[in-house]
Amino acid sequence: MKINVPSALAGVMTYVTYPGLAMAAADPYQLNLPEPQTAIAQQIYDQHMLVLWICLAIFIGVFGVMFYSVVQHRKSKGYKAANFHHSTTVEIIWTAIPFLILIGMAFPATKTVIAMKDTSNPDITVKATGYQWKWGYDYLTGEGEGIGFLSALATPKAQIENAAPKGENYLLEVDKPLVVPTGKKVRVLITANDVLHAWWVPALGVKQDAIPGFIRDVWFNIEKPGTYRGQCAELCGKEHGFMPIVVEAVEPEKYAAWVAEQKTKLAAVAVDVNKEFGLDELKAKGEAVYNANCAACHQANGQGVPGTFPAIAGSKVATGPKDGHINIVMNGKSGTAMAPFKHLSDVDIASVITYQRNSFGNSTGDAVQPSEINQHR
Amino acid sequence: MAAIPDHDVVHGAEHAHDHPTGLMRWLTTTNHKDIGTLYLWFSFIMFLTGGVMALTIRAELFQPGIQIVNPEFFNQLTTMHGLVMVFGAIMPAFVGFANWQIPMMIGAPDMAFARMNNWSFWLLPPAALLLIASFFVPGGAAAGGWTFYPPLSVQMGIGMDMMIFAIHILGASSIMGSINIITTILNMRAPGMTLMKMPMFVWTWLITAYLLVLVMPVLAGVVTMLLTDRNFGTNFFNAAGGGDPVLFQHVFWFFGHPEVYIMILPSFGIVSEVIPAFSRKPLFGYSSMVYATASIAILSCIVWAHHMFTAGMPVTGQLFFMYGTMLIAVPTGVKVFNWTATMWRGSMTFETPMLFSIGFIFLFVIGGFSGVVCAIVPIDVQVQDTYYVIAHFHYVLVSGSLFAIFAGAYYWLPKWTGHMYDETLGKWHFWLSMFFFNLTFFVQHFLGLAGMPRRIPDYALQFADFNMISSIGAFGFGTTQLLFLYVVLKCIRGGAKAPQKPWEGAKTLEWTLPSPAPYHSFETPPLVK
Numbered sequence: 001m002k003i004n005v006p007s008a009l010a011g012v013m014t015y016v017t018y019p020g021l022a023m024a025a026a027d028p029y030q031l032n033l034p035e036p037q038t039a040i041a042q043q044i045y046d047q048h049m050l051v052l053w054i055c056l057a058i059f060i061g062v063f064g065v066m067f068y069s070v071v072q073h074r075k076s077k078g079y080k081a082a083n084f085h086h087s088t089t090v091e092i093i094w095t096a097i098p099f100l101i102l103i104g105m106a107f108p109a110t111k112t113v114i115a116m117k118d119t120s121n122p123d124i125t126v127k128a129t130g131y132q133w134k135w136g137y138d139y140l141t142g143e144g145e146g147i148g149f150l151s152a153l154a155t156p157k158a159q160i161e162n163a164a165p166k167g168e169n170y171l172l173e174v175d176k177p178l179v180v181p182t183g184k185k186v187r188v189l190i191t192a193n194d195v196l197h198a199w200w201v202p203a204l205g206v207k208q209d210a211i212p213g214f215i216r217d218v219w220f221n222i223e224k225p226g227t228y229r230g231q232c233a234e235l236c237g238k239e240h241g242f243m244p245i246v247v248e249a250v251e252p253e254k255y256a257a258w259v260a261e262q263k264t265k266l267a268a269v270a271v272d273v274n275k276e277f278g279l280d281e282l283k284a285k286g287e288a289v290y291n292a293n294c295a296a297c298h299q300a301n302g303q304g305v306p307g308t309f310p311a312i313a314g315s316k317v318a319t320g321p322k323d324g325h326i327n328i329v330m331n332g333k334s335g336t337a338m339a340p341f342k343h344l345s346d347v348d349i350a351s352v353i354t355y356q357r358n359s360f361g362n363s364t365g366d367a368v369q370p371s372e373i374n375q376h377r
Numbered sequence: 001m002a003a004i005p006d007h008d009v010v011h012g013a014e015h016a017h018d019h020p021t022g023l024m025r026w027l028t029t030t031n032h033k034d035i036g037t038l039y040l041w042f043s044f045i046m047f048l049t050g051g052v053m054a055l056t057i058r059a060e061l062f063q064p065g066i067q068i069v070n071p072e073f074f075n076q077l078t079t080m081h082g083l084v085m086v087f088g089a090i091m092p093a094f095v096g097f098a099n100w101q102i103p104m105m106i107g108a109p110d111m112a113f114a115r116m117n118n119w120s121f122w123l124l125p126p127a128a129l130l131l132i133a134s135f136f137v138p139g140g141a142a143a144g145g146w147t148f149y150p151p152l153s154v155q156m157g158i159g160m161d162m163m164i165f166a167i168h169i170l171g172a173s174s175i176m177g178s179i180n181i182i183t184t185i186l187n188m189r190a191p192g193m194t195l196m197k198m199p200m201f202v203w204t205w206l207i208t209a210y211l212l213v214l215v216m217p218v219l220a221g222v223v224t225m226l227l228t229d230r231n232f233g234t235n236f237f238n239a240a241g242g243g244d245p246v247l248f249q250h251v252f253w254f255f256g257h258p259e260v261y262i263m264i265l266p267s268f269g270i271v272s273e274v275i276p277a278f279s280r281k282p283l284f285g286y287s288s289m290v291y292a293t294a295s296i297a298i299l300s301c302i303v304w305a306h307h308m309f310t311a312g313m314p315v316t317g318q319l320f321f322m323y324g325t326m327l328i329a330v331p332t333g334v335k336v337f338n339w340t341a342t343m344w345r346g347s348m349t350f351e352t353p354m355l356f357s358i359g360f361i362f363l364f365v366i367g368g369f370s371g372v373v374c375a376i377v378p379i380d381v382q383v384q385d386t387y388y389v390i391a392h393f394h395y396v397l398v399s400g401s402l403f404a405i406f407a408g409a410y411y412w413l414p415k416w417t418g419h420m421y422d423e424t425l426g427k428w429h430f431w432l433s434m435f436f437f438n439l440t441f442f443v444q445h446f447l448g449l450a451g452m453p454r455r456i457p458d459y460a461l462q463f464a465d466f467n468m469i470s471s472i473g474a475f476g477f478g479t480t481q482l483l484f485l486y487v488v489l490k491c492i493r494g495g496a497k498a499p500q501k502p503w504e505g506a507k508t509l510e511w512t513l514p515s516p517a518p519y520h521s522f523e524t525p526p527l528v529k
């Protein structure tokens, strides 16, 4: 029998490196908090370990006694029951000792709570806004001021529906991550546009609910460059499980380069609101906007989900007067899952409305221009 | 003339202590035992209903990717699983125990308000129907989590309104039940039974009933505010209209946190009856048990905001709620130490009720430890809304409340049915439950720490293995409960005749009655020395 040396070698290599590959992504048997990447996360990690060891010691103590009596003091062994039923001394002791242990736990926790809440003097301030179902980031102060973008799930639908093999960072990848410099204090202001969300990146020791009408803040200072992944942690509707958060920490020089690149891009896409677009151009743009913002509820084919999300195809709104359509897209409909989409640009709103009015069998022939959207603002 | 014989018949029936039979017996009953039975069966049916929802959830989570249910339906399932288990299974089960046991344990003939008792029970089935029917209305059932935080709950369809009405009805039932229990305990104890001579189970229920009367109206208030926000243009929780979305959470958890203790205090009572009975030794530290129970109840009312550590709170608020929450560990610890001391130098046997009670203590303490972990604000920031929290509250609600319910059911089945249950099958039920419970929920601690959020229908690949283990455990645990149904049915239909007092170490008054307990327990009150 002849052995095909190269392919056998390849097979062995794959086999040997496979567990290594898996480790590189994320450990499927991870038993503890992720490796801390900030001072706060480190304190949390240490306190968790402290509490864990104390609990383990109490556990062994209490159940040592209990299982000793379970084994020894059984009727089947002929053990005769004693008749004592209280001891004030013992009871005072076992009230006081837990109290002291708790003080020991509360002391470091108090220091950390105070440190977590100190969001003063940041180098960079970013606003994170929760939308159903994506995050919006706006760099407010510090290097990068003025940059703003939306960050949505990048995992293709086919992987979720089991039609394609799942990638390494399945459900934990976004189209545009939040980029921050290492070694800088970053303050994140957190709010929401529609319902509650929560901005959570475990390795940074940060979790904060995003609440419409309120602004909360957190801070972090990442030491090592890297990509840190998290997810929305507050139930926010049907796509709640598909709302990842990715923070990319890069060295300050790389960050400066990134900022410059973003600024150029922003300048390039800024258009005059009075520019007129053709119907086909708007439809083409609109399709991309639709798939990114509307398809989660109304479906890619515009049919909606009967009883839950109305269809765009043949709907009174999408085939009726333009103004009504613009109003509902920009301001949402209260009491329903239809959120306001004012945060999109004039061009995006104009093109998505044009797309909706001329697709899925709708054929109004209307080309809605960005200037019309601008008037509605 | 015709009125006279009629009058005689009615009069005669009263004196013979006869009662209607067939369906009318159950519909019109004012007897505490019949009502207790109704509560217990209702609770078991709801337990299976909520269980099927849980298994559907676990089936979807068996593998990454969306396979069985779509995300909207998944959210409806998690929401309804929580509501059905809390309001349909655990609470009615304890009220069932209260109805059966409290009059017998305090030497009373029945509950104080017998007619209201009937009404308290018969409110439950329509509420359950409203909840279940909401799956079939446009938009489906409520899908905002069992805590239904606005603004998400303002977005939902009519299913949310149905849920709100169901909660109103369930709340009315709970309040009536609690008033009945309080009145019965305070007014109808046998001569000589002072408060500090009452069995622990009666004590824990007295305190629980006060908690219920305190917090149920708060829940009713908050759901009413939500209802008017949804339908009548008010803006309690809408920031754009001047309202406050966080207000809902404060009011909800002012109800919700004591509610957690409403679901555990009666368990403490049951276990405090079972452990001394099978240790053949009096309960250690009876009075400190009473004080500990009362302290837990009082503390439970001032720690609600620990559910909201990530909602944003001033630093002083976080510290206050952290210290308050941590303090609860002290009286809870006292209870655990007292149970241990009760077993210490006892003469123990390990029938099924005792096994479930020891299992209760063992697993409840693990749940208590993860509770302390969650109480510490910085750590809570990491584990809030993750599978760690799911593991934590299933350790206290399943191995806490449910295991105690099983312990109590096996303990009192001989008194209820007049037959001994099948001890071998009972032990199988315990060991299988114990094994599968831990298989299901222990690994969820790891999932939460590693970063898996709760209420997600699909997850990252690193969580796949533990989720599969958890799902296998859940199916095992669910199937095991059918064994309980079989044991109970077998016990009702026959089996060895139960003596008046089947448990050597049992001390309370119900064991002075024949088994099964007569339809009217104590017609002449016993004298308690």
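Just so you know, the protein sequences line up as chains A and B, in that order.
The first sequence runs 1 to 377 under full-length UniProt numbering.
The second sequence runs 1 to 529 under full-length UniProt numbering.
Even for Gly, the Cβ is constructed at its ideal location relative to N, Cα and C.
Just mark A:E234 as buried or exposed, buried being the case when its beta carbon has 16 or more other beta carbons within 10 Å.
-> By the 10 Å Cβ count, A:E234 comes out buried.
Pick out whichever of A:T155, A:G142 and A:A268 has its Cα sitting closest to the Cα of A:K166.
-> The shortest Cα separation from A:K166 among A:T155, A:G142 and A:A268 belongs to A:T155.
How far does the alpha helix (DSSP H) with A:I215 in it reach, from first residue to last?
-> A:I215 -> no alpha helix (DSSP H), and no H or E assigned at all.
Environment of B:I264 [buried if 16+ CB atoms lie within 10 Å] = Its Cβ being crowded by 16 or more others within 10 Å, B:I264 is buried.
What residues from the region 360-391 of chain B come within 8 Å of chain A, judged by C-beta to C-beta, listed N to C?
-> Against chain A - using a Cβ distance shorter than 8 Å - the residues of the region 360-391 of chain B are I361, F362, V365, I366, F369, V372, V373, I376, V377, P378, I379, V381, Q382, Q384, D385 and T386.
With which residues is B:T204 paired in a DSSP beta bridge?
-> The secondary-structure analysis by DSSP pairs B:T204 with nothing; it has no beta-bridge partner.
Hey, how far is the Cα of B:V10 from the Cα of A:F67?
-> Residue placement at B:V10 cannot be trusted, given a pLDDT of 42 that sits under 50; what the coordinates show is reported in the next sentence. The C-alpha of B:V10 lies about 59 Å from the C-alpha of A:F67.
Considering only residues of the same chain and omitting the five flanking positions on each side of A:V179, which have a CB-CB separation below 6 Å?
-> The residues are E248 and W258.
Below 7 Å between beta carbons is the criterion; list the residues of the region 235-260 of chain B that meet it against any residue of chain A, in chain order.
-> Taking 7 Å as the Cβ-Cβ cut-off, the region 235-260 of chain B approaches chain A at A239, A240, P245 and V246, given in chain order.
Write down every uninterrupted run of the alpha helix (DSSP H) in the region 78-124 of chain B whose length is 4 residues or greater and which is fully enclosed by it, in chain order.
-> Here the runs fully enclosed are 91-106 and 114-122.
Using a C-beta to C-beta distance shorter than 7 Å, which residues of chain B count as neighbours of A:L33?
-> Residues of chain B passing the Cβ test: Q382 and L449.
How should A:E251 be labelled, buried or exposed, when 16 other C-beta atoms within 10 angstroms of its C-beta is the threshold for buried?
-> That one is exposed.
Determine the extent of the beta strand (DSSP E) in which A:R229 is found, giving its start and end residues.
-> From DSSP, the beta strand (DSSP E) with A:R229 extends over G226 to Q231.
Leaving out the 5 sequence neighbours to the left and right, which residues in its chain are closer than 8 Å to A:E372 when beta-carbon positions are compared?
-> Hits under 8 Å: K322, I326 and A350.
Throw me the rounded Cβ distance for the A:A109 and B:M53 pair, which I believe falls under 8 Å.
-> Contact check for A:A109 and B:M53: beta-carbon distance about 36 Å, past the 8 Å limit, so the pair fails to qualify.
Identify the residues that DSSP records as bridge partners of A:Y137: which are they?
-> In DSSP, A:Y137 forms a bridge with A:A128 and A:F149.
So what's A:Q208 in DSSP terms, helix, strand or just coil?
-> For A:Q208, the secondary structure class from DSSP, reduced to helix, strand or coil, is strand.
If you compare alpha carbons, which of B:S153, B:L124, B:Q67 and B:F148 is closest to B:Y39?
-> Among B:S153, B:L124, B:Q67 and B:F148, the Cα nearest to that of B:Y39 belongs to B:L124.
Given that a residue counts as buried once 16 or more other Cβ atoms are within 10 Å of its Cβ, and exposed if not, what is B:A141?
-> Buried is the call here.
Test: A:T38 CB closer than 8 Å to a CB of chain B = Interface flag for A:T38 against chain B is unset, since no Cβ pair is found closer than 8 Å.
Interface flag, A:A162 vs chain B, CB-CB below 8 Å = The sequence shown places Asn at residue 162 of chain A, not Ala. With 8 Å as the cut-off, A:N162 counts as an interface residue toward chain B.
Return the Cβ separation of B:S267 and B:S401 in integer angstroms, given the expectation that the two are a contact with Cβ distance under 8 Å.
-> Contact flag correct, Cβ pair sits at about 5 Å.
Residues in its own chain within less than 8 Å of B:E523 by CB, not counting five upstream and five downstream?
-> Here the set comprises P109.
State yes or no: is the C-beta of A:K283 within less than 8 Å of the C-beta of A:Y355?
-> Contact: yes.
Under the rule that 16 or more other beta-carbon atoms within 10 Å means buried, what is A:D175, buried or exposed?
-> In summary, A:D175 is exposed, with fewer than 16 beta-carbon neighbours lying within 10 Å of its beta-carbon over all protein chains present.
Go ahead and pull the three-state DSSP assignment for B:A464.
-> In the structure shown, B:A464 sits in a helix (DSSP, three-state: H, G or I).
Cβ-based neighbour list, B:A311, same chain, cut-off 7 Å, excluding 5 preceding and 5 following | Within the same chain, and ignoring the five residues on either side of B:A311 in sequence, the residues whose Cβ sits closer than 7 Å to its Cβ are V246 and Q249.
Within the 8 Å Cβ cut-off, does B:T352 reach chain A?
-> B:T352 does not count as touching chain A.
Quick one: what's B:K497 bridged to in DSSP?
-> Per DSSP, the beta bridge partners of B:K497 are B:H419.
Neighbour-count burial assignment, A:V71, 16 or more Cβ in a 10 Å radius = Flag for A:V71 reads exposed.
Given that A:F99 touches chain B, what residues does it touch there, using C-beta distances under 7 Å?
-> V330, listed in chain order.
C-beta atoms of B:G367 and B:A329 nearer than 8 Å | No.
Pick helix, strand or coil for B:V443, following the three-state DSSP scheme.
-> Collapsing the DSSP output to three states places B:V443 in a helix.
Cβ of A:D175 less than 8 Å from any chain B Cβ?
-> Answer no: the Cβ-Cβ gap between A:D175 and chain B never drops below 8 Å.
Please determine, among B:N235, B:V218, B:M289 and B:H307, the residue with the shortest C-alpha to C-alpha distance to A:G213.
-> The shortest Cα separation from A:G213 among B:N235, B:V218, B:M289 and B:H307 belongs to B:N235.
Contact with chain A by B:R58, beta-carbon distance below 8 Å = The C-beta of B:R58 comes no closer than 8 Å to any C-beta of chain A.
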